[in-house]
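Presented below is the structure to which this report refers.
Residue numbers (my numbering): 1 to 305.
In structure tokens:
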């Protein structure tokens, strides 16, 4: 009888192993709560800092010239000036700039998606000598500033006689030029596909192009849409390339067209803000509709390195 009694006394005197982690969790709970609150406050501040310029742009688009820079600032337009948008659309061939930008999107985005997917498929699903070295060279494009290759590229297009046309903007997209990030993104997803699918196509007498068409394309809907959306936004917002290669004002894009509202001695800020809202709106709508595919594409491409 004495042995069980001593064992019971010892068990009561010493805390159990499961109780110690619970005590530590309760002891560190306030610290974790404070850290979580600090992270949420920081994220809210960063989000607010990102939204404020957009809100300022939106409120200024509905104001006249005097209300925009009033001190103290007036956050709500009173009265609301709807006429800014109609005047912006009618001013300086703004409609033509919109159509020019849309034309470049139609010409560039399909080429970017196809060429980058071909390159990514080759680097991930085909075996050939020097594949790793070639992929490493392409990845160096991510570390090379665009300004380094800007002058040599311009000289090359100038000697070909294509400066002043859309060719320098469109043709590189069909050869995966400047799409190193897109190649990397699609390659990461292609690496997750089972190799048995390729073997099954080869057994049936298929070629690598058949594997790309039958296996790769149907399974890469999310990443392909992701690349298409990113490429569309890049083309829509591009200012530097059209500024360098386009000389005819009738060929200007929206980014260049916004400069028409700024003069040497004055700037039509109300019209500029309205035109900027019209320019940004399609990309916001595109991102809203494609958000599910963007998240899916990023999640899938990060599965395997």
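We treat Cβ as the ideally placed atom computed from N, Cα and C, and that holds for glycine. Just so we're clear, the structure is a prediction, and the values are computed from it rather than from any experiment.
Contact check, residue 216 vs residue 68 under 8 angstroms by CB: the rounded distance?
Rounded, the Cβ-Cβ distance is 51 angstroms, inconsistent with contact.
Determine the contact status of residue 91 and residue 278, defining contact as a CB-CB distance below 8 angstroms.
no
Residue environment, residue 241, which counts as buried when at least 16 other CB atoms sit within 10 Å:
buried
What are the residues that DSSP puts in a beta bridge with residue 262?
267
Whole angstroms is fine: what's the gap from residue 51's alpha carbon to residue 195's?
45 angstroms
Are there three or more Cβ pairs, one per stretch, closer than 8 angstroms when the stretch 232-251 is compared with the stretch 275-294?
yes
Just how far apart, CA to CA, sit residue 70 and residue 273?
16 angstroms
Can you find the residues in the same chain that come closer than 7 angstroms, C-beta to C-beta, to residue 228, ignoring five residues on each side of it along the sequence?
109, 113
For residue 157, does the count of other Cβ atoms within 10 angstroms reach 16, so buried, or fall short, so exposed?
buried
Would you kindly check if the distance between the Cβ of residue 117 and the Cβ of residue 186 is under 8 angstroms?
yes
Tell whether a beta-carbon distance below 8 angstroms holds between residue 173 and residue 122.
no
Measuring only the C-alpha atoms, how far is residue 125 from residue 239?
36 angstroms
Do residue 219 and residue 193 have their beta-carbon atoms positioned less than 8 angstroms apart in this structure?
yes
Any chance you could list the alpha helix (DSSP H) runs of at least 4 consecutive residues sitting entirely within the stretch 75-103, in chain order?
83-90
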